[in-house]
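In my numbering, the protein residues as written are 957 to 1255.
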């Protein structure tokens, strides 16, 4: 048994009182947490938690043992603090980003945060293709949507949705569509191309409405779709953060604004590993701060 790790598991579990959340924070699987607590209890000869079907609470012994465990962890942190941190702030951090309108601003802020660490090499990969995180050795990334991956530690940092938008001159020419059937029948539509398949994505509006567009314009670049919409050539289904400025400037207007839209979660992720270098943890937390703020502003 790794006693220092078991003590860390115990201290985090004592704070969260949830083994699942403890596993999430420590970037390990839930069975690892359960096994570590059981081994520590056997070594101490006392139960640390009282478990029920609904919750766990600290036992009397667990409450008495907690400050001792925290003290031992503090001492171990001080012992190793100056041994490995400098080395861990050397090396490559590979970051995978979807195509977002403020990627350049995100990168600029991250590079500023990394200024104290000139020996970190940043591998910044931007695209819409779903990457094999392990094969490509991605350290940190952002995903949009509900797809889950048990091999990743994920933190929700925001949510976004699409808007149906049209240029004023096309609206003046064709009028407002009566409904989605009318929109599909009479209006030229644009679509975003799936980089993984090359096919056009359907418009997923909500659980009740979906449009399988036969697009008159499509591109892998959502900014290109926005340009086509602003030209008056097509109607588009575009992420709110991408079309916000054009809407504010009056270059485009929104259709079906009162219809509920799917809210897509935005996740920051990293690989689920027992040992995570300090440089990766640093990049993860900085991106959570930088990107999370962007989505708050865009909402």
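Beta carbons are placed, not taken as given, at the ideal position from N, Cα and C, and that holds for glycine.
For residue 1221, report the span of its beta strand (DSSP E) as first-last. 1220-1227
Rank 1171, 1005, 1137, 1062 by C-alpha distance to the C-alpha of residue 1212 and give the top, closest one. 1137
Identify whether residue 999 lies in helix, strand or coil by the three-state DSSP scheme. helix
Taking the straight line between their C-alpha atoms, what separation do you get for residue 1257 and residue 1005? Because residue 1257 is not part of the residues shown, which for the chain are 957 to 1255, the question remains open.
Whole-number beta carbon distance between residue 1066 and residue 1246, since they are thought to touch under 8 Å: 6 Å
Cβ of residue 1003 within 8 Å of Cβ of residue 997? yes
Through-space distance from residue 1119 to residue 1214, alpha-carbon basis: 11 Å
Span separating the alpha-carbon of residue 1241 from that of residue 1096: 10 Å
Output the distance between the C-alpha atoms of residue 999 and residue 1028, rounded to the nearest integer angstrom. 16 Å
Residue 1223 beta carbon less than 8 Å from that of residue 1055: no
I need the DSSP call for residue 1039, collapsed to helix, strand or coil. Reliability of the predicted coordinates at residue 1039 is poor, the pLDDT of 48 falling under 50, and the value obtained from them is presented with this limitation in mind. If DSSP states are grouped into helix, strand and coil, residue 1039 belongs with the helices.
From what residue to what residue does the alpha helix (DSSP H) around residue 1062 run? 1059-1069
According to DSSP, simplified to helix, strand and coil, what is residue 1019? helix
For the alpha helix (DSSP H) containing residue 1099, list its first residue and its last residue. No alpha helix (DSSP H) contains residue 1099, which is instead part of the beta strand (DSSP E) from 1096-1100.
Between which two residues does the alpha helix (DSSP H) carrying residue 1150 extend? Here residue 1150 belongs to no alpha helix (DSSP H), and DSSP marks it neither H nor E.
Let me make sure I understand the geometry here. Which of 1143, 1124, 1200 has the alpha-carbon closest to that of residue 1133? 1143
Residue 1166, DSSP secondary structure in three states: strand
Can you list, in chain order, the residues of its chain with a C-beta nearer than 8 Å to that of residue 1128? Leave out the 5 residues immediately preceding and following it. none
Look at residue 1250 and residue 1062 and say whether their C-beta atoms are less than 8 Å apart. yes
Secondary structure of residue 1196, DSSP reduced to three states: helix
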